[in-house]
Each structure stands twice: as C-alpha cells, then as structure tokens.
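Trainee: Residues in the sequence shown are numbered consecutively from 471, following my numbering.
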Amino acid sequence: MKCCIECFKDREIRDRFKSFNEKGNCDFCGAHNKKVLDLDARNSQEINDQNLAIDFENLIEQFTNDSNTNFVNKRHMLSDYLEKHTSIFSDSVSSEKILQFLKYLLPQQYNENPDIFDQPVIPAYLLNKDKLEREGIFYGKTWKDFKHDIQHNNRFHSTMVNDKILADFFEDCSIFLKDKKRLYRARISDDGEPLKSQNMWSAPFGSASSGRLNASGIGYLYLSEDIMVCLQEIKASVNDICTVATFEIETDDLKVVDLGQISNISIFTTPSLSRYLMNYDVFQDIDSAMIETSQKNKSEIEFAPTEFMSDLIKSTGADGIMYKSTLDTSINDIVLFDGAESTNSKIHQLDSEIKTYRITKSSYEKDLL
Ligand SMILES: [Zn+2]
Numbered sequence: 471m472k473c474c475i476e477c478f479k480d481r482e483i484r485d486r487f488k489s490f491n492e493k494g495n496c497d498f499c500g501a502h503n504k505k506v507l508d509l510d511a512r513n514s515q516e517i518n519d520q521n522l523a524i525d526f527e528n529l530i531e532q533f534t535n536d537s538n539t540n541f542v543n544k545r546h547m548l549s550d551y552l553e554k555h556t557s558i559f560s561d562s563v564s565s566e567k568i569l570q571f572l573k574y575l576l577p578q579q580y581n582e583n584p585d586i587f588d589q590p591v592i593p594a595y596l597l598n599k600d601k602l603e604r605e606g607i608f609y610g611k612t613w614k615d616f617k618h619d620i621q622h623n624n625r626f627h628s629t630m631v632n633d634k635i636l637a638d639f640f641e642d643c644s645i646f647l648k649d650k651k652r653l654y655r656a657r658i659s660d661d662g663e664p665l666k667s668q669n670m671w672s673a674p675f676g677s678a679s680s681g682r683l684n685a686s687g688i689g690y691l692y693l694s695e696d697i698m699v700c701l702q703e704i705k706a707s708v709n710d711i712c713t714v715a716t717f718e719i720e721t722d723d724l725k726v727v728d729l730g731q732i733s734n735i736s737i738f739t740t741p742s743l744s745r746y747l748m749n750y751d752v753f754q755d756i757d758s759a760m761i762e763t764s765q766k767n768k769s770e771i772e773f774a775p776t777e778f779m780s781d782l783i784k785s786t787g788a789d790g791i792m793y794k795s796t797l798d799t800s801i802n803d804i805v806l807f808d809g810a811e812s813t814n815s816k817i818h819q820l821d822s823e824i825k826t827y828r829i830t831k832s833s834y835e836k837d838l839l
C-alpha cells in the first residue's frame, strides 16, 4: 500500500514527502504520479528517516478508550476524530482510508491495542482538567463562551483568554511580506472628484468607523493584492467615481499574521500534540469569525470579539493581519495597524500610480433563501 503527498494537508508532513524519491499512484487518495511512500516496506529507510511512524504513534497515544461517562458526547472513532478535528489529512481521504493508513503504518500498535483503532476514543486531555485550564486558549471554554463574555460581560478586560497560548499560535501563523510587493486601496469619491494621494492612507485619528478588525476611532490601512477585489470590497456601484492608490512595501521586515495559516498549523510542529488537539476547534472558530463577510448595519458590539483578537495580534509586535478575500479566495487582503504616511516607514505610496475610475458595470450573483 502506498500513500502520497496529496493524502496530507499537514504542511510538515508534505515537506517530508517532497524529499522522497519514489513517484507512483496512491492507494489512499487515488492521486496519480505523486511522491509516494510504500507502507509495505516496513523497514524502509524513508519511514524511519522521516519519523512518520513515530509521529503517528505519539499522536495515537493522545487518545484513550476510557469510558468516563462525562464525555459520552465526545466519544468518536479515532479515524473520525482525526478527519474532523485535525487538519492532518486532505479532504479526499475518508475516515475509512485514514483507519487503513494507520493500521498499515503502525501494525505493532494495532496488534497490541486494537481497541484504540476500532472502538470509540476520547482525547486524553479531557481527563486532565488542570492541563485543559492551563493550555486551552479559552481555559477550556469555547469561542461562543468568549464571544458572549466579551459582548455582554467584560468588554475590555476579558479574563477568558489565555493570551500567551493564543499569541504563540498567532506567531506560528506569522509571515514576512516581500520587499517591493504592491498592494492597493480603493475609495469611492463623495463629490465625484479624484481623491488626493494623502487621503488614500488610513482614516485620520478619531474619524475611523468601527470594523471587523478595528474599533471606532482607530484607523487601520485596509489593502488588497488585487485592484478589482478592492473595488468590489468597497461596494462601488455603477457611475461611482473611485480612486485606487498603489502602495509598495519597502522592507523584508513587514510581519503579518496570516489567518489562512490558522487551519494549517502543523500538529507535528506545535509545542505539544495535546495543546493542538484541545484548541483545534477554537482555531477554526477564530478563523471563520475573522474572515466573515461584514454585514450592513452591524452594531459595534458584533465586532468586539474580532477586534479583541486583532488588538492581541497588534500587541505581539506584528505589523498587520493577512486574510483571504471573501470575494475571491485566491486573493489576500492585508490590514496594517499603522496606516499613517508620517509614521509607517515600511510601506510607501506610489504617487505616480494613483488612478481614478468611473465604474461602468458591476455584476451580482444570488442564492435563493
Ligand atoms: Zn494520496
């Protein structure tokens, strides 16, 4: 049986496959002519060199068949759990295939303890309340609990967030944008006249309205990799006069937290497997909340949870946040915390590239409710 690079979403595992020599067809996800690993070659140098079996053995040790009745709703088959509550395997690999993969990779463990593979399990951290409270992003509570607390109980001093653990996860998602990378910002002109370049930076101090990532009064610079996406995002309609400014990064040192990486954090490179497992569902909730399309007329209270996350990222020293545009997921949007021309020396505007357009056509698509 051969598994291949395409079986895995986990970036650490994918990196290991890149160094493999053999190419072939995969018995698990069905891909053709990919880098493969032959699981039948039990003593294969590659399996040993790449620690694949050791990593999955350690992973399986995080689960137990303990029948504690407090966790009846949390009991799953191991392969179902790994499919739904980790980002290790690609979507094209079913739970049945995951089970088959584990049995092939770890024949000795299967012989010694078949129940872990074939009977419902729970993650062992559930039995360790102290650990959960120490290492859980919300000390064992959920995003929903946090959202309720910050919206209705304690806006500015929420005690529900384990800042250190969350900052570590954001650090894992950090990247540096490339020198000379160009980004765009569009604005609709109120009076039909082209906007001047100095008005294309963030809203002046005190005049910014609240958004998903910034509280009112705090102006951040919202940029996009693509001009058309920019125009769509400001909801420009036919006959609107819009000015588009071009910005260029002038350093290799502009650091952003790439929210697209939240779901792709490798379990095998996190500080501990259990910490990843206990926080996985929280990452997913943070990820979806941060990229959610903003609805019209959203009240400020709705933005409080994501503004809190944005502030926490800012406090770690990052320059901004990168996330996929909801209008075109192949395009990244970037928000920079320092959006003022006078203070942000990591980016400049190309005055010669500022352009003003009249919108001549816009298109809509609809879903029946
Ligand atoms: Zn495959």
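Don't be surprised by glycine CBs; every beta carbon is placed ideally from N, CA and C.
When you compare only the Cα positions, how much space is there between residue 532 and residue 551?
Mentor: The straight-line gap from Cα to Cα measures roughly 12 Å.
Trainee: Could you say if the region 547 to 566 and the region 604 to 612 meet the contact criterion of at least three C-beta pairs nearer than 8 Å?
Mentor: Segments in contact, no.
Trainee: Quickly, what does DSSP pair residue 494 with across the bridge? List them, please.
Mentor: Paired residues: 504.
Trainee: Considering Cα atoms alone, identify which of 666, 694, 661 and 633 is closest to residue 655.
Mentor: For the residues 666, 694, 661 and 633, the minimum Cα distance to residue 655 belongs to 694.
Trainee: Measure from the alpha carbon of residue 723 to the alpha carbon of each residue in 797, 477, 787 and 580, then state which is nearest.
Mentor: Minimum Cα distance to residue 723 is reached at 787.
Trainee: At what residues does the beta strand (DSSP E) containing residue 712 begin and finish?
Mentor: 711 to 719 is the span of the beta strand (DSSP E), which, as asked, contains residue 712.
Trainee: If we ignore side chains and look at the alpha-carbon of each, how far apart do residue 700 and residue 471 end up?
Mentor: Roughly 48 Å separates the two Cα atoms.
Trainee: Apart from the five residues on each side of it in sequence, which residues of its chain come closer than 6 Å, Cβ to Cβ, to residue 740?
Mentor: Here the set comprises 746.
Trainee: With DSSP run on the structure shown, which of helix, strand or coil describes residue 669?
Mentor: Helix at residue 669.
Trainee: If you draw a straight line from the C-alpha of residue 487 to the C-alpha of residue 493, how long is it?
Mentor: The alpha-carbon atoms of residue 487 and residue 493 are separated by roughly 10 Å.
Trainee: Cα separation between residue 507 and residue 473?
Mentor: For residue 507 and residue 473, the distance between alpha carbons rounds to 5 Å.
Trainee: Are the Cβ atoms of residue 737 and residue 556 separated by less than 7 Å?
Mentor: In contact: residue 737 and residue 556 (Cβ atoms closer than 7 Å).
Trainee: Is residue 571 near ligand 1, with its Cβ less than 6 Å from a heavy atom?
Mentor: No - ligand 1 has no heavy atom lying nearer than 6 Å to the Cβ of residue 571.
Trainee: For residue 649, count neighbouring C-beta atoms within 10 Å of its own C-beta (all shown protein chains included) and say buried if the count is 16 or more, exposed if not.
Mentor: So residue 649 ends up on the exposed side.
Trainee: Bridge partners of residue 792, per DSSP?
Mentor: 728 and 804, per the DSSP bridge assignment.
Trainee: If you follow the beta strand (DSSP E) that residue 656 is in, where does it begin and where does it stop?
Mentor: Residues 652 to 658.
Trainee: From the DSSP secondary-structure annotation, give me the bridge partner or partners of residue 828.
Mentor: Per DSSP, 711.
Trainee: Cβ atoms of residue 667 and residue 711: under 7 Å apart, would you say?
Mentor: Their beta carbons are not under 7 Å apart, which means residue 711 does not touch residue 667 by this criterion.
Trainee: Report yes if the C-beta of residue 498 is less than 6 Å from at least one heavy atom of ligand 1; otherwise report no.
Mentor: Answer for residue 498: yes, Cβ within range of ligand 1.
Trainee: Check the DSSP bridge columns for residue 775 and list the partner residues they point to.
Mentor: Answer is none; residue 775 lacks a bridge partner.
Trainee: Please confirm whether any heavy atom of ligand 1 lies closer than 6 Å to the CB of residue 501.
Mentor: Under cutoff, so the answer is yes.
Trainee: Tell me the residue span of the beta strand (DSSP E) that contains residue 647.
Mentor: Its beta strand (DSSP E) spans residues 644 to 647.
Trainee: Below 6 Å CB to CB, which residues in the same chain sit around residue 780 once its five sequence neighbours on both sides are set aside?
Mentor: The answer, listed in chain order, is 683.
Trainee: At a cut-off of 6 Å, is residue 492 close to ligand 1 when judged by its beta-carbon and the heavy atoms of the ligand?
Mentor: For ligand 1, not one heavy atom lies less than 6 Å from the Cβ of residue 492.
Trainee: Is residue 476 near ligand 1, in the sense that its beta carbon is under 6 Å from a heavy atom of that ligand?
Mentor: Yes - ligand 1 has a heavy atom lying nearer than 6 Å to the Cβ of residue 476.
Trainee: Pick helix, strand or coil for residue 489, following the three-state DSSP scheme.
Mentor: Three-state result, residue 489: coil.
Trainee: Run the CB neighbour count on residue 584, radius 10 Å, all protein chains shown included, and call it buried at 16 or more, exposed below.
Mentor: Answer is exposed; the Cβ neighbour count stays below 16.
Trainee: If you follow the alpha helix (DSSP H) that residue 509 is in, where does it begin and where does it stop?
Mentor: That residue, residue 509, is in no alpha helix (DSSP H); it is neither H nor E in DSSP.
Trainee: Contact defined as beta carbons within less than 8 Å: I believe residue 744 pairs with residue 595. What is the distance between those atoms, to the nearest angstrom?
Mentor: At roughly 5 Å, the Cβ-Cβ gap stays under 8 Å, so residue 744 and residue 595 are in contact.
Trainee: In whole angstroms, what is the alpha-carbon distance linking residue 646 and residue 728?
Mentor: Spanning the two alpha carbons is a distance of roughly 9 Å.
Trainee: With DSSP collapsed to three states, give me the class of residue 589.
Mentor: DSSP places residue 589 in coil when its eight states are reduced to three.
Trainee: For residue 622, write down the residues that DSSP places opposite it in a beta bridge.
Mentor: Bridge partners of residue 622: none, in fact.
Trainee: Report, in whole angstroms, the separation of the C-beta atoms of residue 716 and residue 665, which I expect to be a contact under 8 Å.
Mentor: That belief does not hold up - the Cβ atoms of residue 716 and residue 665 are roughly 13 Å apart, past 8 Å.
Trainee: Since I believe residue 638 is in contact with residue 843 (beta carbons under 8 Å), could you give me their beta-carbon distance rounded to a whole number of angstroms?
Mentor: Lying before the first or after the last residue shown, residue 843 is absent from the chain, which here runs from 471 to 839.
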